[in-house]
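Working notes for the structure below.
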Amino acid sequence: MNNINVVLGAFYGDEGKGKIIDYLSTDADYAVRFAGGDNAGHSIEVDGVRYAFHLLPSGILNEGCKAVIGNGVVINPRILFQEIASVLEHGHKVDNLYISDKAHVLFPYHVELDAALESQRGGHKIGTTKRGIGPAYCDKYERSGIRVSEFISDSFLERLKENVEKSNISLKDKGFEPLNYEEIAKEYGEYAKRIKPFVCDTTTLLHNALKENKKILCEGAQAALLDIDFGSYPYVTSSTTTIGGVFTGTGMAPKYLGEVIGVLKAYSSKVGEGPFPTELFDEIGSTIRELGHEYGVTTKRPRRIGWLDLVAINYSAMINGYTGFALNHLDTLGKLDEIKVCVGYEYKGEVSTDFHTEMDYLNEVKPIYKTFKGNFGDISHCRKFEDLPLDAQKYVEEIESFTGVKVKFIGVGASREEIIVR
Ligand code: IMO
Ligand code: MG
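Number 104 in my numbering belongs to position 113 of the sequence shown; there are no gaps in the numbering.
Structure representation (structure tokens):
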């Protein structure tokens, strides 16, 4: 019955969701993306090859697992076919890919508008991935978007023309060059033909699977604090990245929900603008960045680094109802002599554990820290919690006692095997 398992980012993204998704998808019958687009960057290593997925569910690499792109996703076919090409190149198949007829298609004018809007924001820019995500969701909610079903129909070119013309007015108005309809029609007309065999009613597909007692793994993209409603608005992405997005982005019913795993790192990272109370501006921050290779998969940007913020993580647990955490990069953090973790915020002289997403609050709070001993040594061989040095165990137990959520998976290294499962 409770056959839908979900993996969600617990902080600001890039928590290493790919690693845990890869682990859990080995016994999943379906791997499903339900929100976001190619702003996501999930890297996994399989048979010595490193894959960076932006749109394809990572489960595509597991034979016997059907990979589904749900209706809540915005799809840039150019990126999709680049990814398909890289999967095929490495000897994997893609005949296990199913794309929702209700997903929206992301076009070059969305990408261009994303850049134009960012430049117009000047000092208040969001720091988007410039993948066109915001404008694509705007079209969806404004009801002028092109869904996959229309993309593969006879009316596609006519609708595309209308949308290119409309976007060109906005682009010119923002001082950007207009786009050429014919060029887009030629390139994307080809994609429309190529995408057709993958398209189906994925909602019915998933319902039938649930009736047959199949296991479904939903792969979250982005993270709780980037959620359009619950994140630190306006420094968020344009979709529902929290638990509700699983249902609106696939059409599955909540009664089938099983495990909800929140993925976090032993420290924090964030890309893009916006508040980050535990951010480190000193040498410790740059040390963690180098040790953890904290550079974006999608944008290559150096990530902002900070201590783990349990106040924020607790808020994300409240919204998503995690049944467990997956904690990554404990090995990385354990290389420091001393570790801090934020266990409260001081605001206008008062200390609390409340998280609010208002900018005035987040920009002003001062983190209250608890200090832990580091120097865990090499923990990459640990496969049981008890194998970890006591100082590492204490750190993990602090996360559990603060949030009331058990840490069920611990990443102790980059490769597939370097994980403790409890
Ligand atoms: P994964 O799935 C980290 C951030 C951007 C920016 C904000 C809005 O790899 O964890 P957008 O392009 O979505 O309009 O940008 O959201 N952002 C991410 N940060 N990881 C991601 O995905 C992200 N996807 C979007 O940096 O601050
Ligand atoms: Mg990312």
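Cβ coordinates follow ideal geometry from the N, Cα and C atoms, glycine included.
As the structure is a computational prediction, the values presented were derived from the model and not from experiment.
Item	Value
Can you tell me whether G82 is buried or exposed, with buried defined as 16 or more other CB within 10 angstroms of its CB?	exposed
If you measure from the CB of D13, is any heavy atom of the ligand MG nearer than 7 Å?	no
On the DSSP bridge assignment, give the partners of R138 in chain order.	H95
Which residue marks the beginning of the beta strand (DSSP E) containing H347, and which one marks its end?	Per DSSP, H347 belongs to no beta strand (DSSP E) and is neither H nor E.
Quick check: what's the CA-CA separation for N154 versus S135?	8 Å
My understanding is that F2 touches G236, with C-beta atoms under 8 Å, so please give their C-beta distance in whole angstroms.	Actually they are not in contact, since the Cβ atoms of F2 and G236 sit about 16 Å apart, beyond 8 Å.
With a CB to CB cut of under 6 Å and the five nearest residues on each side skipped, what residues in its chain are close to I12?	V(-2), S49 and E210
Looking at the secondary structure, which residues open and close the beta strand (DSSP E) in which Y360 lies?	K357 to K364
Pull the bridge partners of P293 from the DSSP assignment, please.	Y286
First and last residue of the beta strand (DSSP E) that includes N414?	In this structure the chain extends from -8 to 413, so residue 414 is not present and cannot be described.
Does the beta-carbon of H284 have 16 or more other beta-carbons within 10 angstroms, so that it is buried, or is it exposed?	exposed
Which residues in the same chain as K361 place their Cβ atom closer than 6 Å to its Cβ, once the five residues preceding and following it in sequence are excluded?	V332 and V334
Taking 7 Å as the line, does the beta carbon of T119 fall inside it for any heavy atom of the ligand MG?	no
For D322, name the three-state secondary structure that DSSP assigns.	helix
Taking 7 Å as the cut-off, does the CB of D5 come closer than this to any heavy atom belonging to the ligand MG?	yes
By how many angstroms is the C-alpha of V288 removed from the C-alpha of V23?	20 Å
Between the alpha carbons of V403 and R294, how many angstroms are there, rounded?	21 Å
What are the uninterrupted segments assigned as beta strand (DSSP E) that are 3 or more residues long and contained completely in the stretch 137 to 176, given in chain order?	none
For F376, which three-state DSSP category applies?	helix
Count Cβ pairs between the stretch 338 to 345 and the stretch 362 to 371 that sit closer than 8 Å; are there 3 or more?	no
First and last residue of the alpha helix (DSSP H) that includes C129?	I124 to E133
Three-state secondary structure (DSSP) at I117?	coil
May I ask you to check if the CB of N204 is nearer than 7 Å to at least one heavy atom of the ligand IMO?	no
So is the beta-carbon of S158 under 7 Å away from any non-hydrogen atom of the ligand IMO?	no
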